[in-house]
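Residue numbers (this note's numbering): 19 to 98.
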């Protein structure tokens, strides 16, 4: 059984749900942003690309044959 660990946490998103880069975003974008909890990108795990929502990440893991083992305050563990 192979385990996969992914980190997640709060990120700033614009009105359309795009993740804002704090260094590249304009003052207006950052001021009007909201916070969502997203999975952080991790090299070697394609399901983490583009900061997916927790639901989208877990759906992609299920499609790949993995099941949720643990959901903590800052990380997720899945197993194939």
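Quick reminder that beta carbons are idealized off the backbone N, C-alpha and C, glycines included. A quick note: this is a predicted structure, and the numbers were derived from the prediction, not measured.
Open item on the list: Alpha carbons only, please: which of 27, 58, 98 and 33 is nearest the one belonging to residue 79?
Closed with: With distances taken between Cα atoms, residue 79 lies closest to 98.
- [ ] Write down the C-beta distance between residue 69 and residue 29 rounded to the nearest angstrom, noting that I regard them as a contact closer than 8 Å.
- [x] Contact holds; Cβ gap of about 6 Å.
TODO: Could you say which of 65, 52 and 26 lies nearest to residue 81 if we only look at CA atoms?
DONE: Looking from the CA of residue 81, the closest CA among 65, 52 and 26 belongs to 65.
Open item on the list: Checking the sheet assignment: what are the DSSP bridge partners for residue 97?
Closed with: Bridge partners of residue 97: 21 and 85.
- [ ] Keeping to the same chain, check which residues put their C-beta closer than 8 Å to that of residue 93; ignore five residues upstream and five downstream.
- [x] Here the set comprises 23, 24, 25 and 26.
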